[in-house]
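Enquirer: Input: one structure, supplied below.
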Amino acid sequence: MNERQLEYFKQKLLMWKEDILRESRETLSHLQKETENHPDLADRASSETDRALELRTRDRQRKLISKIDEALRRIEDGSYGFCEETGEPIGVARLEARPIATLSLEAQERHERRERVHRDD
55 MNERQLEYFK
65 QKLLMWKEDI
75 LRESRETLSH
85 LQKETENHPD
95 LADRASSETD
105 RALELRTRDR
115 QRKLISKIDE
125 ALRRIEDGSY
135 GFCEETGEPI
145 GVARLEARPI
155 ATLSLEAQER
165 HERRERVHRD
175 D
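Taking my numbering as reference, the numbering of the sequence shown is continuous, increasing by one, and the terminal residue is 175.
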């Protein structure tokens, strides 16, 4: 992968991370504003369900941020764009679709097949 491509993916990852952080700040602000006590039990249950869903989403995004940070570290150390399992280059199309990918498409498919086989046991 050339320097221009690496810079492209670095910027893409940084923008993705900033978008997630902005959404997290918005969620935090929204949750702090929505501390109203609902007199109706159904309204309260609905509000709690919405809050739980938002928190689960933010938790997933928190984990995604750590994967983005790992990808940025790989860009810095020169290992970005190479499969962790085979050492082969990961296709640019795959990285475009999933910039945090650590496995080539073939290695990912093998991994998912093994996972499916062991899950069926």
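Where a beta carbon is used, it is the ideal one built from N, C-alpha and C, also for glycine.
#1: Kindly provide the ranges of any alpha helix (DSSP H) runs that are 4 or more residues long and lie completely inside the region 88-138, ordered along the chain.
#2: V146 to K66, Cα distance in whole Å?
#3: What does a CB cutoff of less than 7 Å around L118 pick up in its chain, not counting 5 residues either side in sequence?
#4: Return the Cβ separation of C137 and L109 in integer angstroms, given the expectation that the two are a contact with Cβ distance under 8 Å.
#5: Going by alpha carbons, who is nearest to T111 out of E142, S78 and I122?
#6: When you compare only the Cα positions, how much space is there between A99 and T140?
#7: Classify L68 as buried or exposed, calling it buried when 16 or more other Cβ atoms lie within 10 Å of its own Cβ.
#8: Cβ atoms of G135 and L149: under 8 Å apart, would you say?
#9: Tell me, which residues are paired with P153 by DSSP?
#10: Alpha carbon to alpha carbon, how far is D97 from Q115?
Expert: Let me lay it out:
#1: 95-131
#2: Within the sequence shown, numbered from 1, the residue matching residue 146 stands at position 92. Within the sequence shown, numbered from 1, the residue matching residue 66 stands at position 12. Answer to the nearest angstrom: the Cα atoms are 13 Å apart.
#3: On the sequence shown, residue 118 is found 64 positions in, with the first residue counted as 1. I74.
#4: Against the sequence shown, residue 137 aligns to sequence position 83. Against the sequence shown, residue 109 aligns to sequence position 55. Between L109 and C137 the Cβ distance is about 34 Å, and since that is not below 8 Å, they are no contact.
#5: Against the sequence shown, residue 111 aligns to sequence position 57. Checked all of E142, S78 and I122; the closest Cα to T111 is S78.
#6: On the sequence shown, position 45 is the one that residue 99 refers to. On the sequence shown, position 86 is the one that residue 140 refers to. Looking at the two C-alpha atoms, the distance is approximately 49 Å.
#7: Position 14 of the sequence shown, counted from the first residue, corresponds to residue 68. Here L68 is exposed: its Cβ has fewer than 16 other Cβ atoms, across all protein chains shown, within 10 Å.
#8: Looking up residue 149 in the sequence shown gives position 95. Looking up residue 135 in the sequence shown gives position 81. With respect to G135, L149 sits close: the two C-beta atoms are nearer than 8 Å.
#9: One-based indexing of the sequence shown puts residue 153 at position 99. Beta-bridge annotation (DSSP): P153 is not paired with any residue.
#10: Indexing the sequence shown from 1 puts residue 97 at position 43. Indexing the sequence shown from 1 puts residue 115 at position 61. When rounded, the separation of the alpha-carbon atoms in D97 and Q115 is 27 Å.
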